[in-house]
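Residue numbers (UniProt numbering): 1 to 340.
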């Protein structure tokens, strides 16, 4: 492999949120109804976390006590909540025991699926909080053997280097913990964005002015391209590959993330194409190549590295919510290599 270009980019793009998480944290995607329906306002003014805390543990403010609303608290009440009861209290303001909640609690309207996603977020809050003990951070295995193996390898590296504030990363099969599968789903779009930005910068540094795109949504790329002085066109020899090309051709130069171009790199080069590939994590790439691991294992290794760094950044007195926010704020280092 001949290295032509190394670009180290720091990108702090936010991780993808579920609709329920966005509603809980920022009030996104819903309307708040107050005054018995007389007034409708964006729910961003009445986000759940604003009163009940990002961890759902509740708090007191201005003489008003806002109760804990994570799932363990909701289901432990004298008149316990289930999913249907949570949906009813959100939409109608009626608790399981028939009480009508006061005006401090708005009613909400949202498109189909958003409220159900919020219920799922509430279910996960306490489990994430209980994942962090005095000497360990518990992470729930995904059930994907390769992903779990990669994460376990990165966790072992993190632990061998002393962990963070006396805590080790521990991959577990059950009980409370941070869901590895959920972490993988959240980070995937963020890594794709970071890789795309790195590839566009690599194009510009190589003197490219116009490029074409295969796969993905051109609208999602066009504004990023304009920001670095590139123009997205229908036909060009320089191509941003958001999906694997079916075949290569002499004179074509494909730019893509490792997960897209990696599986077809050999065939494309054999057919005369040039490739520029973005590596989201060089340490994970080197580990996978040395041990013959696949891309899913490499992905797990990347996740282990990100969570370990988040544990360091979140501080000693961390919570599940703080650790999540630290993970969101982490920069991503992208290395760009070229073939042949």
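For glycine and all other residues, C-beta sits at the position ideal for the given N, C-alpha and C.
Everything numeric in this text was worked out from a predicted model, so none of it was measured.
Sub-8 angstroms separation of residue i and residue j beta-carbons
i           : j           : result
residue 173 : residue 138 : no
residue 209 : residue 183 : no
residue 19  : residue 142 : no
residue 80  : residue 87  : no
residue 206 : residue 300 : no
residue 106 : residue 34  : yes
residue 136 : residue 167 : yes
residue 288 : residue 306 : no
residue 178 : residue 122 : no
residue 36  : residue 158 : no
residue 295 : residue 164 : no
residue 263 : residue 244 : yes
residue 242 : residue 277 : no
Inter-residue spacing [alpha-carbon to alpha-carbon] between residue i and residue j
i           : j           : result
residue 332 : residue 261 : 20 angstroms
residue 54  : residue 236 : 47 angstroms
residue 12  : residue 66  : Bear in mind that the predicted position of residue 12 carries a pLDDT of just 33, short of 50, making it unreliable; the figure below should be weighed with that in mind. The straight-line gap from Cα to Cα measures roughly 32 angstroms.
residue 103 : residue 50  : 16 angstroms
residue 7   : residue 335 : Unreliable placement is indicated for residue 7, whose pLDDT of 29 sits below 50; the coordinate value is still reported in the next sentence. Roughly 5 angstroms between the two C-alpha positions.
residue 246 : residue 71  : 47 angstroms
residue 269 : residue 52  : 55 angstroms
residue 220 : residue 202 : 18 angstroms
residue 5   : residue 338 : At residue 5 the pLDDT is 30, less than 50, meaning the model places this residue with poor confidence and gives no usable figure here.
residue 222 : residue 191 : 18 angstroms
residue 151 : residue 310 : 14 angstroms
residue 253 : residue 57  : 53 angstroms
residue 198 : residue 160 : 31 angstroms
residue 319 : residue 134 : 11 angstroms
residue 130 : residue 293 : 32 angstroms
residue 343 : residue 125 : A query on residue 343 cannot be resolved here, the shown segment of the chain reaching from 1 to 340 and no further.
residue 286 : residue 92  : 55 angstroms
residue 281 : residue 43  : 38 angstroms
residue 226 : residue 314 : 35 angstroms
residue 156 : residue 94  : 48 angstroms
residue 85  : residue 132 : 29 angstroms
residue 78  : residue 64  : 21 angstroms
Buried/exposed call for residue i, threshold 16 Cβ in 10 Å
i           : result
residue 234 : exposed
residue 196 : buried
residue 273 : buried
residue 228 : exposed
residue 89  : buried
residue 21  : buried
residue 27  : buried
residue 316 : exposed
residue 39  : exposed
residue 60  : exposed
residue 10  : Per-residue confidence for residue 10 stands at a pLDDT of 30, beneath the threshold of 50, marking its modelled position as unreliable; the derived number appears in the next sentence. Burial call: exposed.
residue 2   : Low per-residue confidence applies at residue 2: pLDDT is 37, beneath 50, and the placement is therefore not dependable, though the value from the model is reported in the following sentence. Under this definition residue 2 is an exposed residue.
residue 290 : exposed
residue 345 : Because the chain here runs from 1 to 340, residue 345 falls outside it and cannot be looked at.
residue 14  : Legend: pLDDT at residue 14 = 36, less than 50; position of this residue unreliable, no value from coordinates given.
residue 145 : exposed
residue 76  : exposed
residue 97  : exposed
residue 62  : exposed
residue 330 : buried
residue 265 : buried
residue 101 : exposed
residue 251 : exposed
residue 194 : buried
residue 256 : buried
Beta-carbon separation (whole angstroms), residue i vs residue j, contact threshold 8 angstroms
i           : j           : result
residue 279 : residue 258 : 5 angstroms
residue 25  : residue 187 : About 17 angstroms; that fails the 8 angstroms criterion.
residue 114 : residue 30  : 6 angstroms
residue 153 : residue 119 : Contact doesn't hold; Cβ gap of about 35 angstroms is too wide.
residue 217 : residue 200 : Residue 217 to residue 200, Cβ: 15 angstroms. No contact.
residue 41  : residue 32  : 5 angstroms
residue 359 : residue 271 : Only positions 1 to 340 of the chain appear in the structure, and residue 359 is not among them; the question remains open.
Start-end ranges of the beta strand (DSSP E) lying completely within the stretch 13-40, minimum 3 residues: 31-34
Secondary structure, alpha helix (DSSP H): runs of 4+ residues fully inside the stretch 226-294: 258-261, 265-270, 282-291
Length at least 3, wholly inside the stretch 161-236: the beta strand (DSSP E) runs in chain order: 168-172, 210-214
Contiguous alpha helix (DSSP H) assignments of at least 4 residues, all confined to the stretch 70-142: 71-75, 83-92, 114-130
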